[in-house]
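In what follows, a single structure is set out as structure tokens and then discussed.
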Amino acid sequence: MSDDSRSSQAQSSVAAVIPAAGRGVRLGPGAPKALRALNGTPMLIHAIRALAASRAVSLVVVVAPPDGAAEVKTLLDAHALPDRTDFLVVPGGDSRQESVKLGLDALPPGHDIVLVHDAARPLVPVDTVDAVIEAVRDGAPAVVPALPLADTVKEVEPAAHPGDPEPVVATPERARLRAVQTPQGFDRATLVRAHETVTDNVTDDASMVEQLGLTVVVVPGHEEAFKVTRPLDLVLAEAVLARRRLNDGF
Ligand SMILES: Nc1ccn([C@@H]2O[C@H](COP(=O)(O)OP(=O)(O)OP(=O)(O)O)[C@@H](O)[C@H]2O)c(=O)n1
Ligand SMILES: C[C@](O)(CO)[C@H](O)COP(=O)(O)O
Numbered sequence: 490m491s492d493d494s495r496s497s498q499a500q501s502s503v504a505a506v507i508p509a510a511g512r513g514v515r516l517g518p519g520a521p522k523a524l525r526a527l528n529g530t531p532m533l534i535h536a537i538r539a540l541a542a543s544r545a546v547s548l549v550v551v552v553a554p555p556d557g558a559a560e561v562k563t564l565l566d567a568h569a570l571p572d573r574t575d576f577l578v579v580p581g582g583d584s585r586q587e588s589v590k591l592g593l594d595a596l597p598p599g600h601d602i603v604l605v606h607d608a609a610r611p612l613v614p615v616d617t618v619d620a621v622i623e624a625v626r627d628g629a630p631a632v633v634p635a636l637p638l639a640d641t642v643k644e645v646e647p648a649a650h651p652g653d654p655e656p657v658v659a660t661p662e663r664a665r666l667r668a669v670q671t672p673q674g675f676d677r678a679t680l681v682r683a684h685e686t687v688t689d690n691v692t693d694d695a696s697m698v699e700q701l702g703l704t705v706v707v708v709p710g711h712e713e714a715f716k717v718t719r720p721l722d723l724v725l726a727e728a729v730l731a732r733r734r735l736n737d738g739f
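The number in my numbering is simply the position in the sequence shown, starting from 1, with 489 added.
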């Protein structure tokens with residue numbers, strides 16, 4: 490990338506889309522996952538604060554549960570959030586991909602870099618957010634934070650019937666595998682094109698950019714950017730928050 494284009498990217502403002510429309514089936518019965526409390530505060534508010542902690546982020550688009558946009562607007566009004574950040578709330582869709590697309594469609598002009606961040610990753614540190622933004626500003630069309638795996642991974646032939654044993658097909662070389670987190674960062678035009686082009690249902694936005702044949706760059710992720718998916722993740726999230734409170738001297 491030339492010095493000129495790098496400096497114009499460096500000044501471009503960053504918007505974040507936060508898909509928060511999921512039910513949280515794997516977490517068990519209750520309110521939509523993003524609205525459940527962690528240390529008394531909704532997970533979504535933690536996630537918004539984590540993104541808005543980056544001084545580069547000037548707009549956050551929250552993609553609310555389809556029937557929960559009004560409730561989310563009320564939540565945003567009721568919690569302290571940075572003045573320098575603007576907020577929009579839009580209703581989401583049936584899949585994460587659809588929800589992200591609805592958030593993208595609501596983005597006003599003027600934001601050339603877009604982050605997509607799961608509400609279900611409420612504790613991502615601001616340094617990770619900034620590292621993703623910096624890599625996009627350095628010219629990568631798509632950037633994902635990721636960590637090496639702790640476990641060996643097996644590819645299996647999925648069971649035809651529940652309870653049947655699953656034969657192992659392969660053991661991928663672990664050193665080449667990464668567990669991918671969010672926020673994922675994109676040159677906005679690339680992300681829009683990916684969402685307009687790719688029709689299969691995928692689990693993250695970066696894989697849509699891969700399907701366009703473009704390079705996706707990995708930056709170091711963070712253990713605290715884990716996704717709250719199952720009940721034990723709530724225990725871990727509360728423990729991380731308790732440790733942060735101790736470290737902050739509260
Ligand atoms: N229709 C959907 C489904 C998911 N998400 C969001 O995508 C993120 C990652 O999804 P996941 O952790 O799988 O959340 P859920 O879909 O809620 O979880 P589950 O599959 O257990 O129901 C979450 O912030 C979730 O709110 C969304 O905005 N719209
Ligand atoms: C985007 C993501 O968080 C990256 O790890 C993940 O793919 C979301 O997957 P889920 O099936 O919606 O939990």
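Ideal placement from N, C-alpha and C gives every residue a C-beta, glycine not left out.
For A649, no beta strand (DSSP E) encloses it, and the DSSP letter there is neither H nor E. The region 624-632 and the region 553-569 do not touch, with fewer than three beta-carbon pairs separated by less than 8 Å.
Take the alpha-carbon of G511 and the one of E644: they are about 27 Å apart. The alpha carbon of E587 has as its nearest neighbour, out of G674, E699, V506, the alpha carbon of V506. Closer than 6 Å to some heavy atom of ligand 1: that does not describe the Cβ of R734.
Of the residues assessed, A567 falls on the exposed side of the cut-off, its CB having fewer than 16 other CB atoms within 10 angstroms. Assigned with DSSP and collapsed to three states, E727 falls in helix. If you ignore the 5 residues before and after V642, its C-beta comes within less than 7 Å of the C-beta of P661, R663, L666, all in its own chain and listed in chain order.
For the pair P531 and L570, the CB atoms are not nearer than the 7 Å cut-off. In this structure, the straight-line span from the alpha carbon of R733 to that of A649 is close to 45 Å.
Taking a 10 Å sphere around the C-beta of L593, we find 16 or more other C-beta atoms and assign the residue as buried. Between A678 and I622, the CB-CB gap reaches or exceeds 7 Å. In this structure, A509 has its CB closer than 6 Å to one or more heavy atoms of ligand 1. Classified as buried, R610 has 16 or more neighbouring CB atoms from the shown chains inside 10 Å of its CB. When the five nearest sequence neighbours on each side are left out, the beta carbons in the same chain lying within less than 8 Å of the beta carbon of D619 are those of S543, A545, in order along the chain.
Distance from the C-beta of R585 to the nearest heavy atom of ligand 1 is below 6 Å. Residue range 673-676 is occupied by the beta strand (DSSP E) that includes Q673. For K716, the shortest separation between its Cβ and any heavy atom of ligand 2 lies below 6 Å.
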